[in-house]
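In our numbering, the protein residues as written are 9 to 169.
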C-alpha cells in the first residue's frame, strides 16, 4: 500500500477512535487508536491512546504511549504535559514537575497555561503556596478565563489572610 493510502486509512481509524473516546467508549477507542498506529504511527495517535489509558486509571501505560509519541516527534509538547499530569496522578510530584517544566519551554505550546497550572498544583500539594500562586498567576496571564486557576488562586489567597 502507498504511504498516502496508509495515512488516509490511519486517519479514518483515528477519527473513529476520537469520536468513541468523546462518547465514553474508551475500550473501543483504544482498539481504534491501536489500529491507526499499526497502519501509520503518529505522535498524536500515541498521545491520545495514552489519554484513553489514563481514563482507565492505567497511568503507567499512558506514560509509555506518550514516550512513544515523543520518540516519534520530540517537539510534540502536549505529550510532555500529559506525562506530567499522569505522574501527578501517581503522586510522583518531583518527576511530574520535571516533565511539566519541559512542556512550558516549547515556544508554540497552545496549552502552556495547563502546564503552568499543574506546576502550581504540585507546589500547592507540597505546601509552597507562594510558588503555587506564582504559577497559577502565570497560567492566568496566558489564559485569563481559565477558571481552575482562578479558583486555586482565590483559595490560596485565603491561606495568606
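Note that the Cβ used here is the ideal one computed from N, Cα and C, for glycine as well.
Cβ neighbour criterion (16 or more within 10 Å) applied to residue i
i           : result
residue 92  : buried
residue 86  : buried
residue 122 : buried
residue 27  : exposed
residue 155 : exposed
9 Å Cβ cutoff met for residue i and residue j
i           : j           : result
residue 81  : residue 50  : yes
residue 57  : residue 38  : yes
residue 53  : residue 44  : yes
residue 34  : residue 16  : no
residue 157 : residue 135 : no
residue 167 : residue 137 : yes
residue 232 : residue 89  : The chain is shown only over 9 to 169; residue 232 falls outside these bounds and no answer can be derived.
Three-way DSSP call (helix, strand, coil) for residue i in this model
i           : result
residue 12  : helix
residue 128 : helix
residue 145 : helix
residue 153 : coil
Presumed contact (8 Å Cβ cut-off) between residue i and residue j, rounded CB distance
i           : j           : result
residue 124 : residue 146 : 4 Å
Enumerate, from N- to C-terminal direction, the unbroken alpha helix (DSSP H) stretches of 4 or more residues contained entirely within the segment 55 to 110. 67 to 80 and 85 to 97
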